[in-house]
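**Student:** For the sequence shown, the numbering used here gives the first residue as 11, with consecutive numbering after it. Beta carbons: idealized from backbone N, C-alpha and C, even for Gly.
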Amino acid sequence: MTQHFPTRQIRFYLTAPAPCPYLPDRLERKVFAHLPLTEGAQVNDSLTQSGFRRSQNIAYRPACETCAACVSVRIPVADHRPSRSDRKTLNRNGDLKRGLVEAEATLEQFELLRRYLRARHADGGMTDMGWPDFVAMVEDTPVRSHLIEYRLPSAAGEPGDLIACTLVDLLGDGLSLVYSFYDPDLPRRSLGRFMILDHLAQARLTRMPYVYLGYWVKGSEKMDYKAQFQPLEALGPSGWRLLGARDVGAVQD
């Protein structure tokens, strides 16, 4: 794998141990680096391919001393075939209006995020996020980022209600889904899954080979949904490889 870094040295740092948000009775540590302003996109590409994730202007990856449960995963777009369940999800959401907008935070997005966090991640570290934090999450980026908004149908000339949103990084070899949130009162739409399927469709149209999903943690209810997307590649000591059925367990159709 060819990696590109700027001429100046990138410094990596290690966080102190903290409670793991995914598995009980475990501690997590992260290694992180600040993305440079001038070559942030190229560095983010290389670090993402090496298992890092971006948060604002920082790239990080797990560096736990006694655990390796967090696995970076991506979907090879050309090999993905929607399951019967996927097709139903796409049909249920066929009425939504999809819009690409600049990485600029709005109060409408923020209110949707707060509802989502209260309903789905009430015990998470993001529940105390305020407006300035959300603005930083969306806008403090040295890479090629945008937002995809999904809205309900409305009268002509009027924007429909915002029910889902995804913050996306455009990489050299695909799309990285940084964070997604949606209306928790519309469970029958399966909006979380739909947004991934929609980005697979967009990556296919633009001939991008991968959609990056971040970390999959086997045994974590918060992360198990990622294993339902097949085929799925995971980053290991020898590079990216396909995860088999034994790795992920039963996959629902």
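Please tell me whether L207 and D96 are closer than 8 angstroms, where the distance is taken between their beta carbons.
**Tutor:** A contact, by the Cβ cut-off of 8 angstroms.
**Student:** Taking the alpha helix (DSSP H) that F204 belongs to, which residues open and close that run?
**Tutor:** Per DSSP, F204 belongs to the alpha helix (DSSP H) from 201-215.
**Student:** Select from R39, N54, Y126 the residue whose C-alpha is nearest the C-alpha of E75.
**Tutor:** Selected option, being the one with the closest Cα: R39.
**Student:** In whole angstroms, what is the alpha-carbon distance linking K98 and Y160?
**Tutor:** In a straight line, the C-alpha of K98 is about 18 angstroms away from that of Y160.
**Student:** Note down the Cα distance separating H131 from L47, rounded to an integer number of angstroms.
**Tutor:** Distance between the alpha carbons of H131 and L47: 32 angstroms.
**Student:** Using the C-alpha atoms, what's the distance from K232 back to V153?
**Tutor:** Looking at the two C-alpha atoms, the distance is approximately 27 angstroms.
**Student:** Please determine if the segment 182-198 and the segment 214-232 are in contact, where contact requires at least 3 C-beta pairs separated by less than 8 angstroms.
**Tutor:** Result yes; three or more Cβ-Cβ pairs closer than 8 angstroms.
**Student:** Can you give me the C-alpha to C-alpha distance between P194 and L245, rounded to a whole angstrom?
**Tutor:** Distance between the alpha carbons of P194 and L245 is about 31 angstroms.
**Student:** With 16 other CB atoms within 10 Å as the buried threshold, where does Q19 fall?
**Tutor:** Label assigned to Q19: exposed.
**Student:** Where does the unbroken alpha helix (DSSP H) through E121 begin, and where does it stop?
**Tutor:** Run containing E121: 117-130, per the alpha helix (DSSP H) assignment.
**Student:** Roughly how many whole angstroms lie between the Cα atoms of V111 and V178?
**Tutor:** Distance between the alpha carbons of V111 and V178: 11 angstroms.
**Student:** Just the Cα atoms here: how many angstroms apart are I68 and K228?
**Tutor:** Near 25 angstroms, if we compare the C-alpha coordinates of K228 and I68.
**Student:** Would you mind sorting K107 into buried or exposed? The rule is 16 or more other CB atoms within 10 Å of its CB.
**Tutor:** Flag for K107 reads exposed.
**Student:** Per DSSP, which residues does W141 bridge with? Please list them.
**Tutor:** Beta-bridge pairing links W141 to no other residue.
**Student:** With the cut-off set at 8 angstroms, would you say V258 and A237 are in Cβ contact?
**Tutor:** Against a cut-off of 8 angstroms, the Cβ pair of A237 and V258 comes out as a contact.
**Student:** Where do the ends of the alpha helix (DSSP H) carrying K98 lie?
**Tutor:** 94-102 is the span of the alpha helix (DSSP H), which, as asked, contains K98.
**Student:** When DSSP labels each residue in this structure, what does S248 get in the three-state scheme?
**Tutor:** In this structure, S248 counts as coil in the three-state DSSP scheme.
**Student:** Does the count of Cβ pairs from the segment 136-155 and the segment 109-127 closer than 8 angstroms reach three?
**Tutor:** Taking 8 angstroms as the limit for Cβ pairs, the verdict is that the segment 109-127 does touch the segment 136-155.
**Student:** For R125, tell me which candidate among L45, S190, R63 has the shortest Cα-Cα distance.
**Tutor:** Ranking L45, S190, R63 by Cα distance to R125 puts S190 first.
**Student:** Can you tell me whether F22 is buried or exposed? The criterion is at least 16 other CB atoms within 10 Å of its CB, across all chains shown.
**Tutor:** So F22 counts as exposed.
**Student:** Quick check: the Cα distance between E168 and E118, rounded to an integer number of angstroms?
**Tutor:** Rounded to the nearest angstrom, the two C-alpha atoms are 15 angstroms apart.
**Student:** Which same chain residues, not among the five before or five after Q66, have their C-beta less than 8 angstroms away from its C-beta?
**Tutor:** So the list reads A146, M147, D150, T151, once near-sequence residues are dropped.
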